[in-house]
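Take a look at the structure below.
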Ligand SMILES: [Fe+2]
Ligand SMILES: [Fe+2]
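In the numbering used here, the protein residues as written are 5 to 144.
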């Protein structure tokens with residue numbers, strides 16, 4: 005059991021808790037503005053982030069740690085474009101963080117945590133791609 009791994013998992017969990025709230029609120033707020041498709045993307049992404057949070061919390065519990073209840077940074081408000089930009093930014097931060105924690109899991113000889121983080125990273129890259137392509141389309 006590694007203290008560094010539990011700390012990293014809790015940092016990731018806080019990030020996911022923040023992302024859940026951010027996407028849920030973006031979903032609620034954008035519905036009143038425009039684009040039901042984008043609202044649905046926000047809703048679906050919030051659920052993805054919830055699944056990440058659950059998996060991270062289970063792994064922390066497996067190691068005898070206490071899963072955090074404190075969300076990381078949450079950015080809400082502004083128009084739809086601002087929301088998507090903030091979400092893209094959040095995903096880029098998540099990708100950077102997960103890559104760093106995957107390196108840590110390798111260092112600590114923890115292949116199961118590594119696999120878990122790699123699976124989450126795959127979803128974050130999908131999210132990042134969605135927001136990036138959507139922003140590019142909206143520039144046209
Ligand atoms: Fe996530
Ligand atoms: Fe994400």
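Virtual Cβ for every residue (Gly too), placed ideally from N, Cα, C.
The structure presented is a predicted model; accordingly, all values stated were derived computationally and were not measured.
Annotation for residue 38: no alpha helix (DSSP H) segment contains it, and DSSP assigns it neither H nor E. Distances taken from the Cβ of residue 23 to the heavy atoms of ligand 2 include one shorter than 7 Å. Pairing residue 63 with residue 119 gives a Cβ-Cβ distance that is not under 8 Å. In the three-state scheme derived from DSSP, where H, G and I count as helix and E and B as strand, residue 112 is classed as coil. Annotated as proximal: residue 67 and residue 9, with beta-carbon spacing under 8 Å.
Relative to ligand 2, residue 30 has its C-beta separated by 7 Å or more from all heavy atoms. In this structure, 72 is the residue among 89, 141 and 72 with its C-alpha nearest to the C-alpha of residue 13.
When DSSP states are grouped into helix, strand and coil, residue 25 belongs to the helix group. Contact check for residue 21 against residue 57 passes: the beta carbons are separated by less than 8 Å. Secondary structure of residue 85 (DSSP, three-state): helix. At a cut-off of 7 Å, the beta-carbon of residue 53 counts as near ligand 2: some heavy atom of the ligand is closer than that.
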